[in-house]
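Chain order of the listed sequences is A and B. If you use the working numbering, the first sequence corresponds to residues 1 to 219, in order. If you use the working numbering, the second sequence corresponds to residues 220 to 438, in order. Notes follow once the structure below has been shown.
2 protein chains.
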Amino acid sequence: MSQKILHFAVILAGCGNKDGAEIHESVLTLLSIDRAGHQYQCFAPDVPQARVLNFLTNEEMKEKRNVLLESARIARSKIKPLSDFSKDDFDILVLPGGSGVAYNLCTFGLDGDRMTVLPQVEASVRAMHEAGKPIGALCISPVIIAHVLKKVTVTFGKDEKINAIFQKSGSKTTNADARSIVIDHENKIVTTPCYMLDARISEISEGIDKLVQELIKLV
Amino acid sequence: MSQKILHFAVILAGCGNKDGAEIHESVLTLLSIDRAGHQYQCFAPDVPQARVLNFLTNEEMKEKRNVLLESARIARSKIKPLSDFSKDDFDILVLPGGSGVAYNLCTFGLDGDRMTVLPQVEASVRAMHEAGKPIGALCISPVIIAHVLKKVTVTFGKDEKINAIFQKSGSKTTNADARSIVIDHENKIVTTPCYMLDARISEISEGIDKLVQELIKLV
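So, in C-alpha cells, the structure goes:
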C-alpha cells in the first residue's frame, strides 16, 4: 500500500527564539515531516519584525528586520509570503514557537489577554479549522490557536499564568512535559510545550515527532 | 556500565546557509550529540560577518551583522566567543557547514585555493588534532580541515572542482552521498556532505547521526 503524501504548511515567525521563530523547534518540525515521508511548505508574513534582540545581552538593537526574510534563513529560501497561503493546498498546518510568535504573529508578548492576531495568521488558522483540517502548535503558539478558536484544549507546558488567561476565554489547558503532546480530538488540535519548559533538544524532538505523527492520524 | 559523558565543541559561522552557518546542519548536530547522551558547547568568532544576504533575492544587503551574535540565535544564547576555546575542555570538535564557513571562518568563498583561515579557527583545529582528538566537518567545512592539516581524507559530496583543489594540496577526496560519512581513521577526521548535495533534511540528518556516532568511537 503506498502512503498518501500529505502537505504541511509551516508558519514561521522570524529566526531565533528571542525575537523570531524558535530555530530548533522549526527545524525539527521540518525533519519530522520529511522523515515521515510527507512534504512541507514554509510561510511567513511579509511584515517588519516587532523587535530585534541582541542574543547575548538581551537588549533591543536599533535594527530593522523583515519576518519573511529572516524566516527564509530557516527555510533555506524555500518560503512563501503567508498572503499566498490557501487552505485548499494543504492537509495540515503547523506553527512552531519562539518569541516571534508572541511579537510578530500576534501581540500576546505586549498585550497579554488583550492581544490581537495578525489578520493573515488568524485567517489561515480559521480557514484550516473550518475545513476540518488538523493544526499543530508548539511552545507559545497555542496562544494564537486558543485566541482565534476559543474553547480548545491546549498545553502551555506548566505556565499557570498563561493557563489562567486562556481558561478565562473558554479553553482548557493541560500541563505537559516537553516529551508529551496534548490532543484535542474534537478540534483536531495537537500541542506540545517544547522550550516553554527548560528542556533538552532531544526532549523537544520527541514531543515534535509525536505531534507530527498525531497530526497525520487526524487527517 | 555508565557511559562517560563526552564534551563536544561546535563552531558556528553565523545563522543561515547563504551567509552564515547552515541552520539545519547546526541544529541536527546538537540533536545528535544530545540524543547520544553527550554535551555540547557552541562557539563562534566575535568578528563581523563578511556579508549579509537577502535570502529571497540573493543580493547583498547593506547591513552589518556579527558572527557571534547571529550564531547565538542557533545556540539559544548558550554560546562563547571562539577566543575562549581550549582543547583541554573538549573531547571532540565539530564544524557544521553553510556559506558562513567559506566567508566568515575562512576566505575559501572569495579566494579558492589561495584561501586563508581565521587564526582562532585554525588554532582550534590544529590544537584538537595535535592532541589526538577527533574532528567532524559537515558540508563545506572540510575545506578548513584540508587546508589546515593537509594530507587528510575528506568528502565534498560530489564537487569535482573542490576535490581537485584539495587533492593538489595533498589530501584525498572521496565522493559520498548525504546519508554517508567518510572516515579518516589515521587523522580521526569524519566528514559528511549534507547540503553540498541537493539532499532532503532527513538524509542529512542520517549523515550527521552517523558522523556523531563515529566521532564518539574515535575518542
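Built from N, CA and C at the ideal position, the CB exists for glycine as well.
With respect to the beta strand (DSSP E) encompassing Leu138 of chain A, which residues constitute its N-terminal and C-terminal limits?
-> Ile135 to Leu138
In chain B, what lies closer than 8 Å to Asn104 of chain A by C-beta?
-> Result: empty, since nearest Cβ-Cβ is about 15 Å, beyond 8 Å.
My understanding is that Gly97 of chain A touches Tyr195 of chain A, with C-beta atoms under 8 Å, so please give their C-beta distance in whole angstroms.
-> 7 Å
C-beta atoms of Asn17 of chain A and Val67 of chain A nearer than 9 Å | no
May I ask you to list, following chain order, the residues of the stretch 50–76 of chain A that have a beta carbon less than 7 Å from some beta carbon of chain B?
-> Asn54, Phe55, Leu56, Leu69, Ala72, Arg73, Ile74 and Arg76
Contacting residues, own chain, Cβ-Cβ under 8 Å from Pro300 of chain B (five flanking each side not counted) = Phe262, Ala263, Pro264, Asp265 and Leu287
Could you confirm whether any beta carbon from chain A is found closer than 9 Å to the beta carbon of Lys429 of chain B?
-> no
Between the Cα of Val271 of chain B and the Cα atoms of B:Thr335, B:Thr411 and B:Ser318, which residue gives the shortest distance?
-> B:Ser318
Can you pull the DSSP bridge partners for Thr248 of chain B?
-> Thr248 of chain B is not bridged to any residue.
Closer than 7 Å, Cβ to any Cβ of chain B: which residues of the stretch 180–212 of chain A, in chain order?
-> Arg200, Ile201, Ser202 and Ser205
May I ask you to verify whether the stretch 370–378 of chain B touches the stretch 333–342 of chain B, counting CB pairs closer than 8 Å and requiring at least 3?
-> no
Is any beta-carbon of chain B found at less than 9 Å from that of Cys139 of chain A?
-> no
Asp34 of chain A (DSSP reduced to helix, strand or coil) | helix
Spell out the partners DSSP gives Asp403 of chain B in its beta bridges.
-> B:Ile408
Indicate whether Leu95 of chain A and Leu138 of chain A have their beta-carbon atoms separated by less than 9 Å.
-> yes
Measure the alpha-carbon distance for Ser290 of chain B versus Ala321 of chain B and round it to whole angstroms.
-> 15 Å
Of all the options B:Lys407, B:Thr393, B:Asp238 and B:Ile364, which has the alpha carbon lying nearest to the alpha carbon of Lys377 of chain B?
-> B:Thr393
Work out the CA separation of Lys429 of chain B and Ile225 of chain A for me, nearest whole Å.
-> There is no way to answer for residue 225 of chain A, as the model of chain A reaches only from 1 to 219.
Return no unless some Cβ of chain A is closer than 9 Å to the Cβ of His243 of chain B.
-> yes
So is Val344 of chain B in contact with chain A if we call contact Cβ pairs under 9 Å?
-> no
So is Asp198 of chain A buried or exposed if we call it buried at 16+ other beta carbons inside 10 Å?
-> exposed
Quick one: using the 10 Å Cβ neighbour count with 16 as the cut-off for buried, is His147 of chain A buried or exposed?
-> buried
Rounded to the nearest angstrom, how far is the Cβ of Ile408 of chain B from that of Glu433 of chain B, given a contact under 8 Å?
-> Actually they do not touch by this definition, with Cβ atoms about 10 Å apart.
According to DSSP, is Ala228 of chain B helix, strand or coil?
-> strand
Just confirm the distance between the C-beta atoms of Val27 of chain A and Ile242 of chain B, as a whole number of angstroms; I'd bet it's less than 8 Å.
-> 6 Å
Say whether chain B places a C-beta atom closer than 9 Å to the C-beta of Leu30 of chain A.
-> yes
Got a sec? Which residues, its chain only, sit under 8 Å from Gly37 of chain A by beta carbon, not counting five neighbours each side?
-> Gln3 and Ile5
Measure the Cβ-Cβ separation of Leu93 of chain A and Lys133 of chain A and say whether it is below 9 Å.
-> yes
Go to Leu95 of chain A, then tell me how far its beta strand (DSSP E) extends in each direction, as first and last residue.
-> Ile92 to Leu95
Among B:Gly389, B:Thr326, B:Arg345 and B:Ala346, which has the Cα closest to the Cα of Ile359 of chain B?
-> B:Thr326
Distance between Leu249 of chain B and Arg292 of chain B (C-alpha atoms, nearest Å) | 13 Å
With Pro361 of chain B as the anchor, note down where its beta strand (DSSP E) starts and where it stops.
-> Pro361 of chain B -> not in any beta strand (DSSP E); alpha helix (DSSP H) instead, spanning Pro361 to Leu368.
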